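Let me begin by presenting the structure, written as structure tokens, before commenting on it.
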Amino acid sequence: MVESRSSDRLPPKQDRLAADILLVGQPNVGKSVLFSRLTGMRTIASNYPGTTVGFAAGAMRFGGGSYTVVDAPGTYSLEPLDEAARVAIDLIDAAGLIINVVDATHLERHLPLTLELIAQGKPLVVALNMSDEARHLGIEINKERLEELLGVPVVPTVARTGEGVVRLIGAALSREVPGRGAQAEGPARDESGHPAHHPHLAHHHAGERTNGHEHIADDRIWCRVGEIVDEVQVLRHHHHTVSQRFEDASVHPFLGGIIALLVLAAAFSVVRVIGEFLVSGGVGISGEPWFRVPFGMEPLFDAAWRPLMTKLSASLGGDGFIHHLLVGNLIDGRIDFKQSFGLLTTGLFVPLGMVLPYIFSFYLVLSLLEDTGYLPRLAVFLDTGMHRIGLHGYAIVPTLLGLGCNVPGIMATRILENRRQRFITATLISIAVPCAALQAMIVGLAGARGLWVVALVYGILFVVWIAIGMILKIATRGFLPELLIEIPPYRVPSIGALASKMWMRVGGFLREALPIVLAAILVVNVLYELNVFHYVADASAGVVSTLWGLPKEAIVPLLLGILRKEMGAGMFAPLALTTKQLVSGCVILSMFFPCIATLVVLLRELGWRDTLKATGIMLAAVVATGAAINLIWP
Amino acid sequence: MIEITAAELAPDEEGTIVSLGGGPGAQSRLRSLGLAEGRRIRNVSRIGWGGPIVLLVNRAQVAVGRGMARRIVVRVRKDRRTERDG
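Chains as they are written, first to last, in the working numbering: chain S, 1 to 634; chain V, 1001 to 1086.
Printed below as a string of structure tokens:
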């Protein structure tokens, strides 16, 4: 059986990594699902092309041996057309054996890459994945004939259920695989070093990357693929399934537009309703909730944690440095979890009581959208609008990921074709797309003054997003590629994969956010004791109070936001802001310098030159937006 | 048989790809999604305001920006009703 363990030898950067087994295939064929099957490691798998933009490495144990397995990002061909493909090509060069994952329902689309890979002369096994879906669609593939024609082993698999995976590994590790070491039973090679039984590919390989001949070779591959598919594949007639009808409806020019609006509205409402329910145990538009249950994070903190903290506060004498550090300030003689600002009060309540519920509900909804395959359809309808800001519709995918956390959002810009698009998308995410943690706080703080206050914050950020996008479209130079994406079939999300993805994302928040939040509170409390903020507030009063109309103390939350945005927002609570100040404070906090984690990933993805440019744009935008709100709002 | 571009296909109209325009990079991207010479394609949907066109090729839906669709030349039946590329 396949025995696996997760590896802590994950390479920190994209160094060349020599994989024993490399999973290669086109986007959205299930490589990440197969990788999880082989290594037992959790990965983020979704139903849209481009889910994996970096690569994951893990160890697989099989028959007493241990093998490094690497999951490459999806690539359509061995031409480096985008960043993800370049990563895959580097990995192929260093790999020992390749498992080429192929979508059995669209053989003719996937075989060109297979032929290109075979021409590389590496040991290779084809995994005919999604063979259950193929059966369901009435597609029959003659596996034996395909093996003969390709000259490599072919194994039908269903990565989602694990069907055929053991046979696949058996085939991959057997000595029969052509190309495995020239010493043993490897196939005869022609003088150019290519396996002799692929004569139709020799020309292509020789002409590879010598631009002029490339498309001729391309044509030859397509012809060959057509011949192979005609020989091995039989299509049986089948009726339009319900999901196919829905697939047609959701790209229909009129109906699809309405579906897109409904999906977006439903997604935002569901995130809010589940989030609010998990926070307070009640659900309602505003004011008194429609119904209430005696659980939720707020009631839980009040019932279980407050008595303990009250005792601690009393035993510390209700005052003093240690009290200030652990419990914080008493508000009207009692602990206020939102305002006291002690390590054990606000430090735990903000991340666990206010933010965690929204992180959970956001990622639940996002994961459902990802796994059903709806996102590429949304991209189709947003395409025209996004051209106005120099992007095409698929840039909505990194942007939506950015609404959860800017870091994976900016990393996902790698699915875009060129540098200009990546720069625009990443800059917009870092400035005008608030992460779920910050949104939870905005909803918590602004929502108390009415739903319109929350809507106003979102509205202003949306206008900023569009305005900066339009400016960047004019100010940057370069080609803007058009939308060209495959729309995957709708799939029913697998509960196991969904749970695993939720666990990774929510767990990731707890691991990464909690320590930084606690450290931030510690630093703030110590600096308060030392009276440092006094000087900072006076120094920045010119911009913060005169231009933006905020109390000068607001500079502290804005600066603290660089560590974790939700803590910055948390510090607005004790400032007694007017509604106008709260709105502009939330907008400015969202825009004002990305958090440190986002800055690091910006540097990595864009380089320091473009990160500096993005920072300049951010500063200009935040000064202007803050001033505009202050001037326009009476 | 006459030749038009994929952007001009009427709703549900089918055609056979004759040639691809654009640079080698764009052509390569089109082919890798199955939009290659000789393939049958069908117009599943064309989004308004110059939006993308959704083509069915090999039973899979592919969304193509309007400008790119104009570079895909297809052969269609002569007695087709004419359709404006809006």
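Every residue gets a Cβ at the ideal spot worked out from N, C-alpha and C, and that includes glycine. Quick caveat, the model's predicted, so the values are computed rather than measured.
- For Val24/S, the uninterrupted beta strand (DSSP E) run begins and ends at Ile21 to Gly25, by DSSP.
- Listed in chain order, the non-local C-beta contacts of Gly1022/V below 6 Å within the same chain comprise Arg1071, local neighbours out to five positions each way being set aside.
- In the DSSP assignment, the residues bridged to Asp71/S are Leu23/S and Ala56/S.
- Residue pairing by DSSP places Phe321/S opposite no residue, since no beta bridge is assigned to it.
- Across the structure, Phe341/S and Leu308/S are spaced so that their CA atoms are roughly 16 Å apart.
- Val1074/V is positioned such that its CB atom lies closer than 8 Å to that of Leu1009/V.
- Within the stretch 475–499 of chain S, the residues whose Cβ lies closer than 9 Å to some Cβ of chain V are Pro481, Glu482, Leu483, Leu484, Ile485, Glu486, Ile487, Pro488 and Pro489, listed in chain order.
- With fewer than three CB-CB distances shorter than 8 Å, the stretch 403–415 of chain S does not count as touching the stretch 444–452 of chain S.
- Within the model, the alpha-carbon separation for Val1076/V versus Leu401/S is close to 41 Å.
- Just so you know, the alpha carbons of Glu147/S and Ile389/S end up roughly 48 Å apart.
- Distance from the CA of Arg1040/V to the CA of Thr105/S, rounded to the nearest whole angstrom, comes to 17 Å.
- Taken in chain order, the complete beta strand (DSSP E) segments of 3 residues or longer contained in the stretch 474–510 of chain S are 484–487.
- With a contact defined as Cβ atoms closer than 8 Å, Lys122/S and Gly74/S miss out at about 18 Å.
- Distance check between Gly585/S and each of Leu559/S, Ala159/S, Val125/S and Thr598/S places Leu559/S closest, using alpha-carbon atoms only.
- Taking 8 Å as the CB threshold, Thr52/S stays off the interface with chain V.
- When Cβ pairs closer than 8 Å are counted between the two stretches, the stretch 1047–1064 of chain V is seen to touch the stretch 485–493 of chain S, the count reaching three or more.
- Following the DSSP letters along the chain, one finds Ile331/S in no alpha helix (DSSP H), marked with neither H nor E.
- Contact annotation for Arg1042/V against chain S: no contact, minimum CB-CB distance about 11 Å [criterion: below 7 Å].
- Using a Cβ-Cβ cut-off of 8 Å, Leu81/S counts as an interface residue toward chain V, since at least one Cβ of chain V sits closer than that to its own.
- Non-local C-beta neighbours of Thr345/S in its own chain, meaning closer than 7 Å and more than five positions away in sequence, comprise Met309, Val327, Gly328, Ile335 and Phe337, ordered along the chain.
- About 12 Å separates the Cβ atoms of Val155/S and Leu173/S, ruling out a contact at the 8 Å cut-off.
- Leaving aside the five residues that flank Leu527/S on each side, the residues in its chain whose CB is nearer than 8 Å to its CB run, in chain order, Phe533.
- The continuous alpha helix (DSSP H) containing Glu298/S extends over residues Met297 to Leu300.
- For Pro1011/V, the secondary structure class from DSSP, reduced to helix, strand or coil, is coil.
- For Leu403/S and Ile359/S, the gap between their C-alpha atoms comes out near 10 Å.
- Measuring C-alpha to C-alpha distances from Leu514/S to each of Ala573/S, Ala437/S and Leu589/S identifies Ala437/S as the nearest.
- Following the DSSP letters along the chain, one finds Pro156/S inside the beta strand (DSSP E) bounded by residues Val154 to Pro156.
- The beta carbon of Pro408/S sits no closer than 8 Å to any beta carbon of chain V.
- Within chain V, Gly1034, Asn1058, Arg1059 and Ala1060 have C-beta atoms less than 8 Å from the C-beta of His106/S, given in sequence order.
- Cβ neighbours of Pro299/S within its own chain (closer than 8 Å, five residues either side excluded): Ser280 and Gly281.
- Between Thr625/S and Val600/S, the C-beta gap is not smaller than 8 Å, which leaves the two residues out of contact.
- Of the candidates Ile629/S, Thr384/S, Gly40/S and Val543/S, Ile629/S places its Cα closest to the Cα of Val463/S.
- At a beta-carbon threshold of 8 Å, the residues of chain V lying near His252/S are Ser1045, ordered along the chain.
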